[in-house]
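Each position in the sequence shown, counted from 1, maps to that position plus 1315 in my numbering.
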Amino acid sequence: MPLRGASPGSRRAPSHRWRELLATALLVTLEARAGETWAIEHARLIASPAGAVVEDGTVVVRDGRVKAIGPSAAVPVPQGARRVDGRGGTVLPGYWNVHVHFTDERFVDAAHRPAEDLSRGCREMLTSRGFTTVVDLGSWPENTVALRRRAPSLDCPRILTTGIPMYPAGGVPIYVRKALGDEVADGLPQPKTGSEAARFVQQSLRLGARATKLFVGTWLGGSRTGLMDVAVVKGATAEAHRHGLVVFAHPGTIPGIEAAIEGGVNVLAHTAPDGGPWSPELIQRMRARRMAVVPTLSLWQVEMERGGVPKEGADRFIATGADQLRAFVAAGGEVLFGTDVGYIPEKDADEEVRRMAGAGMDWRAILGSLTSAPARRMKDPARGALAVGTPADLVLVEGDPRVDVEALTRVRATWTAGKSVFSR
Ligand SMILES: [Zn+2]
């Protein structure tokens, strides 16, 4: 608090102290007023993916938290509270997107950029899609941490970041090399030993990372691939886990998935159509290690278009990704929602829900991947379901996701910690 920082301490006269105390009290009052009381009335309520649906419900928010939630008949709106009409809509816990990148032009120089520029970027890319928490799986950490610091005053979601990912030695993917140039690509972390990988984890922790990202299997052009040594993967995961970090891996290939399983990776950041179908044995081993998968199915469409792949081959590739997800889900695997937005345009991200539904996930399963599953994985379960006292990260969508799962993407309004960050 600035007042405390400005206090010169005990040499001050008592009258000044008294005045300072008064000023502090005033500030506290103003802060409480800034965290106003408001309510969404007469909306359908789905407080958690597994819970009951309330047809006519009300949520009361105070100081950024859920103050009351339940049937409208049982939850009175306090006098003087601002009211949001929720009729025709559904209130859900705020969504997570655990695969994003803050690397595009809109977020450059986040420390000094005008607030409205950054807010517009966040709305376009994320909060207009209902995302209230995101995990950045690779960007320049100084910039993303600057954005994260400013996020609470912007129309941005809460931001967690891995910082700069690690790559196999000599295995920086061809598209990363092309985008950054050889000199920068050669300077990216490519640990040769487990202890070197552990040092990179410590370094990114100091830069503000909250998770770790490894490229375990990479594409180097043509039929050439890169593979991270299992000892390196183990060195990185052991250090990351020691600090409570979740480890994401870009699998790329079947040997990449094998290295991720052996090395103790927590989450595959993609399906991996390059490697062909996933066998029941492979999926069993992923399940035994409690590995979660981020499907990024809409990404494959974008990649095929960018690569100019003829339709037949493209369709087969995309179907392989969907088949991997279908098999993984059928075996009881845990799915976390993620789109790779920032690398792909946001207009392509809305179809992810449709593709997941096409791979056999019902509305509860997809909602779980957007809310409770990532919240649990990232050790923040209060942000995965709505209840009295939880942070008021909320999405109001048009329609009923039970009737039409794509209603999940028809976002009318989004709030992070009770603050409006998007409304249509
Ligand atoms: Zn990505």
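Here a beta-carbon is modelled for each residue, glycine too, at the ideal position from N, C-alpha and C.
Given this structure, state the Cα-to-Cα distance separating residue 1443 from residue 1713, to the nearest angstrom.
Indexing the sequence shown from 1 puts residue 1443 at position 128. Indexing the sequence shown from 1 puts residue 1713 at position 398. For residue 1443 and residue 1713, the distance between alpha carbons rounds to 13 Å.
Shorter than 6 Å, the distance from the beta carbon of residue 1658 to the closest heavy atom of ligand 1, or not?
Stepping through the sequence shown from its first residue, residue 1658 is reached at position 343. Remark: the C-beta of residue 1658 is in contact range of ligand 1, defined as less than 6 Å to any heavy atom.
For residue 1560, three-class secondary structure by DSSP:
As a first step, residue 1560 must be located in the sequence shown, where it is residue number 245. In the structure shown, residue 1560 sits in coil (DSSP, three-state: anything other than H, G, I, E or B).
Which one of 1700, 1588, 1617 has the shortest CA to CA distance from residue 1636?
Taking the first residue of the sequence shown as position 1, residue 1636 is located at position 321. Measuring from the Cα of residue 1636, the nearest candidate turns out to be 1588.
Taking residue 1370 as part of the beta strand (DSSP E), name the residues at either end of that continuous run.
Numbered from its first residue, the sequence shown carries residue 1370 at position 55. Looking at the DSSP string, the run of the beta strand (DSSP E) that includes residue 1370 is 1368-1377.
If we count the other Cβ atoms within 10 Å of its Cβ and call it buried at 16 or more, is residue 1591 buried or exposed?
Taking the first residue of the sequence shown as 1, we reach residue 1591 at position 276. Exposed, by the Cβ-count rule.
Classify residue 1395 as buried or exposed, calling it buried when 16 or more other Cβ atoms lie within 10 Å of its own Cβ.
Counting from one through the sequence shown, the residue named residue 1395 turns up at place 80. Looking at its Cβ environment, which holds fewer than 16 other Cβ atoms inside 10 Å, residue 1395 is exposed.
With DSSP as the reference, label residue 1581 as helix, strand or coil.
What you label residue 1581 is simply residue 266 of the sequence shown in a count that begins at 1. Looking at residue 1581 - three-state DSSP - the assignment turns out to be coil, as it is neither helix nor strand.
Using a threshold of 6 Å, is the CB atom of residue 1655 nearer than that to any non-hydrogen atom of ligand 1?
Sequence index remark: in the sequence shown, residue 1655 carries index 340 (1-based). The answer is yes for residue 1655.
Quick check for students: name the residue ranges of the beta strand (DSSP E) that lie wholly in the region 1473-1537, counting only runs of 3 or more.
List check, beta strand (DSSP E) in window: 1473-1476, 1526-1530, 1532-1536.
What is the rounded straight-line gap between the Cα of residue 1466 and the Cα of residue 1521?
Here residue 1466 corresponds to residue number 151 of the sequence shown, with the count starting at 1. Here residue 1521 corresponds to residue number 206 of the sequence shown, with the count starting at 1. Cα to Cα, residue 1466 sits roughly 20 Å from residue 1521.
At the level of alpha carbons, what is the spacing between residue 1353 and residue 1716?
Counted from its first residue, the sequence shown places residue 1353 at position 38. Counted from its first residue, the sequence shown places residue 1716 at position 401. Taking the straight line from one Cα to the other gives about 25 Å.
Have a look at residue 1459 and residue 1388 and give me their C-alpha separation to the nearest angstrom.
For this step, residue 1459 is matched to residue 144 along the sequence shown. For this step, residue 1388 is matched to residue 73 along the sequence shown. Using only the alpha carbons, I get a separation of about 44 Å.
Apply the 10 Å Cβ neighbour rule to residue 1729 and answer buried if 16 or more other Cβ atoms are within range, or exposed otherwise.
As a position in the sequence shown, residue 1729 is number 414, starting the count at 1. Buried, because 16 or more other Cβ atoms sit within 10 Å of the Cβ of residue 1729.
Any heavy atom of ligand 1 within a distance shorter than 6 Å of the CB on residue 1685?
Along the sequence shown, one-based indexing puts residue 1685 at 370. Residue 1685: no, Cβ never under 6 Å from ligand 1.
Determine the DSSP secondary structure at residue 1735, reduced to helix, strand or coil.
Walking along the sequence shown from the start, residue 1735 turns up at place 420. Strand.
Have a look at residue 1472 and residue 1426 and give me their C-alpha separation to the nearest angstrom.
Mapped onto the sequence shown, residue 1472 falls at position 157. Mapped onto the sequence shown, residue 1426 falls at position 111. The C-alpha of residue 1426 is placed about 16 Å away from the C-alpha of residue 1472.
How far does the alpha helix (DSSP H) with residue 1432 in it extend, from its first residue to its last?
The sequence position of residue 1432 within the sequence shown is 117, counting from 1. For residue 1432, the enclosing alpha helix (DSSP H) starts and ends at 1430-1440.
When you compare only the Cα positions, how much space is there between residue 1703 and residue 1551?
Here residue 1703 refers to the residue found at position 388 when the sequence shown is read from its first residue. Here residue 1551 refers to the residue found at position 236 when the sequence shown is read from its first residue. Near 38 Å, if we compare the C-alpha coordinates of residue 1551 and residue 1703.
Rounding to the nearest angstrom, what Cα-Cα distance links residue 1633 and residue 1672 in this structure?
Indexing the sequence shown from 1 puts residue 1633 at position 318. Indexing the sequence shown from 1 puts residue 1672 at position 357. Between residue 1633 and residue 1672, the C-alpha separation is close to 14 Å.
Hey, would you say the C-beta of residue 1452 is under 6 Å away from at least one heavy atom of ligand 1?
The count along the sequence shown starts at 1 and reaches residue 1452 at position 137. The answer is yes for residue 1452.
Status (buried if at least 16 other CB within 10 Å, exposed otherwise) for residue 1499
Numbered from its first residue, the sequence shown carries residue 1499 at position 184. With a threshold of 16 other beta carbon atoms within 10 Å, residue 1499 falls short and is exposed.
Within a Cβ cutoff of 8 Å, which residues of the same chain sit near residue 1399, ignoring the five residues on either side of it in sequence?
Within the sequence shown, numbered from 1, the residue matching residue 1399 stands at position 84. Taken in chain order, the residues that qualify are 1353, 1354, 1355, 1356, 1711, 1728.
Own chain partners of residue 1660 with C-beta closer than 7 Å, once the 5 adjacent residues on each side are dropped
Numbered from its first residue, the sequence shown carries residue 1660 at position 345. Counting only Cβ-Cβ distances below 7 Å, and skipping sequence neighbours, we find nothing.
From the DSSP output, in three-state form, read off residue 1742 for me.
Outside the displayed span of the chain (1316 to 1739) sits residue 1742, for which this structure offers no information.
Report the three-state DSSP secondary structure of residue 1636 (helix, strand or coil).
Position 321 of the sequence shown, counted from the start, is the residue given in the question as residue 1636. Looking at residue 1636 - three-state DSSP - the assignment turns out to be helix.
Using 10 angstroms around the beta-carbon of residue 1516, count the other beta-carbons present and answer buried if the total reaches 16, otherwise exposed.
The residue labelled residue 1516 in the question sits at position 201 within the sequence shown. Here residue 1516 is buried, its C-beta having at least 16 other C-beta atoms within 10 Å.
Give the single residue among 1569, 1581, 1583, 1578 whose Cα lies nearest to the Cα of residue 1594.
In the sequence shown, counting from the first residue as 1, residue 1594 sits at position 279. The shortest Cα separation from residue 1594 among 1569, 1581, 1583, 1578 belongs to 1569.
Pull up the DSSP beta-bridge partners for residue 1729, would you.
As a working mapping, residue 1729 is identified with position 414 in the sequence shown. DSSP lists 1710, 1737 as partners of residue 1729.
Kindly identify the DSSP beta-bridge partner or partners of residue 1715.
Along the sequence shown, one-based indexing puts residue 1715 at 400. None, per the DSSP bridge assignment.
Excluding the five sequence neighbours on either side, which residues of its own chain have a C-beta within less than 7 Å of the C-beta of residue 1648, listed in chain order?
Position 333 of the sequence shown holds residue 1648. Only 1598, 1601, 1602, 1608 meet the Cβ criterion.
Nearest by alpha-carbon distance to residue 1449: which of 1418, 1548, 1412, 1436 is it?
Position 134 of the sequence shown, counted from the start, is the residue given in the question as residue 1449. That would be 1412, whose Cα lies nearest to the Cα of residue 1449.
Alpha-carbon spacing of residue 1651 relative to residue 1560, whole angstroms
Mapped onto the sequence shown, residue 1651 falls at position 336. Mapped onto the sequence shown, residue 1560 falls at position 245. About 16 Å.
From the DSSP output, which residues share a beta bridge with residue 1412?
Position 97 of the sequence shown holds residue 1412. BP columns for residue 1412 point to 1449.
Alpha-carbon spacing of residue 1320 relative to residue 1510, whole angstroms:
The residue given as residue 1320 occupies position 5 in the sequence shown. The residue given as residue 1510 occupies position 195 in the sequence shown. The predicted position of residue 1320 is uncertain, since its pLDDT is 30 and thus under 50; a value taken from the coordinates is nonetheless stated next. Distance between the alpha carbons of residue 1320 and residue 1510: 40 Å.
Does the beta-carbon distance from residue 1478 to residue 1524 come in below 7 Å?
As a position in the sequence shown, residue 1478 is number 163, starting the count at 1. As a position in the sequence shown, residue 1524 is number 209, starting the count at 1. With respect to the 7 Å criterion, residue 1478 and residue 1524 are classified as neighbours on the basis of their beta carbons.
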